[in-house]
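The opening residue of the sequence shown carries number 1 in UniProt numbering; numbering runs sequentially from there.
Where a beta carbon is used, it is the ideal one built from N, C-alpha and C, also for glycine.
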Amino acid sequence: MNQTFIQKFIEIAGRIGSQRHLVAVRDGFVAIMPLIIIGSLAILINNFPAFGTFDVVAILNNIFGEGNWQTVGGSIWNATFAVIGLLISFTIAYNLAKSYEIDGLSAGLISIASYIILVPVTEDFGLNMNWLGAQGLFVAIIVGLIVTELFRMLLQANITIKMPDGVPEGVTRSFAALIPAMIILTLVGLFQAFITVFVGISIFEVIFNAIQEPLQGLGNTLPAAMVVSFLNHLLWFFGLHGTNIIGSVIEPVYLPLIEQNANLFQQGMSAFDVPNVVTKPFLDSFVFMGGSGTTIALLIAIFIVIRREKNHPYREVAKVSAPAGLFNINEPVIFGLPIVLNPIFLIPFILVPVTLTVLSYIALSTGLVPKTVAILPWTTPPILSGYLVTGGSVRGIILQLINLAVAVTIYIPFIMAGVRAMKEKMGGKI
């Protein structure tokens with residue numbers, strides 16, 4: 001591969017990955033991930049399947065009263081997943097403001113206030129909850145970015161109230177943000193009035209119909225999933241954190257899809273019947289087992305191929321990497337083997353996840369395996385993750401085992417080629 005092309009590719013991808021606004025979007029989603037996981041697990045527990053006579057939901061209902069336990073889970077959902085649009089409007093603004101070294105708290109609060117101004121009201125003058133959650137994500141991203149840029153420009157123009165020396169720092173920050181906040185909220189209010197009068201629908205509906213819904217429909221297709229998988233691993237091969245670089249682009253698309261699945265599952269729909277196949281947990285649980293590249297399968301392949309040479313470098317790296325790999329942490333093997341810029345592993349490192357994406361999509365779309373209805377911590381080990389994300393189905397485990405077998409089979413000949421190449425390089429001493 002041409003060295004100039006590689007250098008140029010790394011340079012461009014690196015710039016994209018460090019672009020200030022994309023980093024703010026990525027970090028904004030990372031910040032709320034614990035709340036999303038908690039909300040998702042609450043719904044999963046609410047609808048957990050029985051193991052013969054052992055029924056977790058029935059036991060909890062006996063303790064708390066019929067239906068009361070589900071109320072607890074529903075309340076947790078309402079405070080987490082159901083308001084992720086509102087949360088994202090704050091976290092993106094906060095992170096972008098911090099990157100400019102300006103007051104992140106004030107930027108985040110102004111962003112939340114602006115977002116609420118734009119949320120349409122119901123007939124009884126309450127906020128329409130539909131737009132506080134995943135359906136409002138694109139508006140939340142736009143609001144967080146634009147509000148913070150306006151806030152920064154107003155601060156740089158010194159349109160602020162300056163307090164005398166000796167005033168507590170918190171009070172100084174609050175008054176410094178007062179005039180910028182008043183200007184921004186007034187502009188947002190005028191914009192909302194303009195949209196209401198001349199368009200007749202809210203900006204949420206405009207953005208959702210024009211951008212978010214088409215992108216979600218596209219994202220829930222096999223070709224889109226294959227492209228995401230391919231790009232993620234191509235970037236990793238060049239030593240770039242593919243998950244972080246493309247995360248800011250795919251999170252707004254795939255989070256609403258899992259939110260829709262989980263919400264329907266909460267309402268009693270079977271995990272087989274929920275609509276969306278490709279979601280974030282679909283990729284995390286069935287494709288990125290052991291981390292990007294399904295490297296847990298690579299480790300298994302190394303132990304199968306290299307059984308006799310106990311001190312072989314590949315085996316030594318595999319032994320060190322295996323404990324972390326069980327929890328989907330694979331930097332030790334990616335940089336220790338290495339996979340980065342190693343032509344022997346380029347093909348399997350990309351081929352394995354793309355192949356598993358296809359197999360998993362077929363399994364879920366044809367109803368052989370339930371679709372994903374829960375988000376788990378990304379460190380959840382395979383087998384356990386397959387069971388939980390499918391709403392407690394053994395079929396999720398079976399799919400993971402099949403995927404691992406396929407991945408190991410693909411990796412084995414390349415491990416053999418790597419071993420041969422290393423022996424030739426070392427004069428047959430290994």
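- Under DSSP, Val121 takes part in a beta bridge, and its partners are Leu127.
- An exposed status is given to Lys310, since fewer than 16 other beta-carbon atoms sit within 10 Å of its beta-carbon.
- The C-alpha of Gly386 is placed about 42 angstroms away from the C-alpha of Asp103.
- Of Ala324, Phe303 and Asn328, the smallest CA-CA separation from Glu316 is found for Phe303.
- Judged by DSSP secondary structure, His21 falls within the alpha helix (DSSP H) whose first and last residues are Arg20 to Asn46.
- In the structure shown, Pro281 adopts helical secondary structure according to DSSP, grouped into three states.
- For Leu87, the enclosing alpha helix (DSSP H) starts and ends at Ile84 to Ser99.
- Take the alpha-carbon of Ile211 and the one of Val352: they are about 31 angstroms apart.
- Taking His21 as reference, the option from Phe138, Ser365, Leu145 and Thr355 with the minimal CA-CA separation is Leu145.
- Taken through DSSP and simplified to helix, strand or coil, Asn220 comes out as coil.
- The Cβ neighbour count for Asn158, taken over all protein chains shown within 10 Å, is under 16; the residue is labelled exposed.
- Taking 8 angstroms as the cut-off, the beta carbon of Ile161 is found closer than this to the beta carbon of Ala176.
- Taking the C-beta atoms as reference points, Thr279 is found nearer than 8 angstroms to Tyr254.
- Residue Ser40 holds the alpha-carbon nearest to the alpha-carbon of Thr80 among Ser40, Phe90 and Leu401.
- Straight across, the Cα-Cα distance linking Gly200 with Asn95 is about 33 angstroms.
- Closest in alpha carbon position to Gly239, among Leu299, Ser270, Leu346 and Leu215, is Leu346.
- For the region 158 to 206, the continuous alpha helix (DSSP H) assignments of 4+ residues that do not extend past its boundaries occur at 169 to 198, in sequence order.
- Taking 8 angstroms as the cut-off, the Cβ atoms of Asn403 and Met289 count as close.
- Residues Gly85 and Phe204 of the same chain have their beta carbon placed closer than 6 angstroms to that of Gly136, with the five preceding and five following residues left out of the count.
- C-alpha of His241 to C-alpha of Phe194: approximately 42 angstroms in a straight line.
- A straight line joining the alpha-carbon of Thr294 with that of Val287 spans about 6 angstroms.
- Under the DSSP assignment, Leu298 falls in the alpha helix (DSSP H) whose first and last residues are Thr295 to Val305.
- In this structure, DSSP gives Ile398 a helical state, which the three-state scheme calls helix.
- Non-local beta-carbon contacts of Val277 in its own chain, meaning distances under 7 angstroms to residues more than five positions away in sequence, involve Asn220, Tyr361, Leu364, Ser365 and Lys371 in chain order.
- Contact check for Ser114 against Ile37 fails: the beta carbons are separated by 8 angstroms or more.
- For Val305, the closest alpha carbon among the candidates Val358, Leu257 and Ile410 is that of Ile410.
- A direct Cα-to-Cα measurement between Val369 and Arg395 gives close to 6 angstroms.
- Under a 10 Å Cβ-count criterion, Pro332 is classified as buried, with 16 or more other Cβ atoms of the shown protein chains found around its own Cβ.
- In summary, Phe237 is buried, with 16 or more beta-carbon neighbours lying within 10 Å of its beta-carbon over all protein chains present.
- Per DSSP, reduced to three states, the secondary structure at Gln267 is coil, with no helix or strand assignment.
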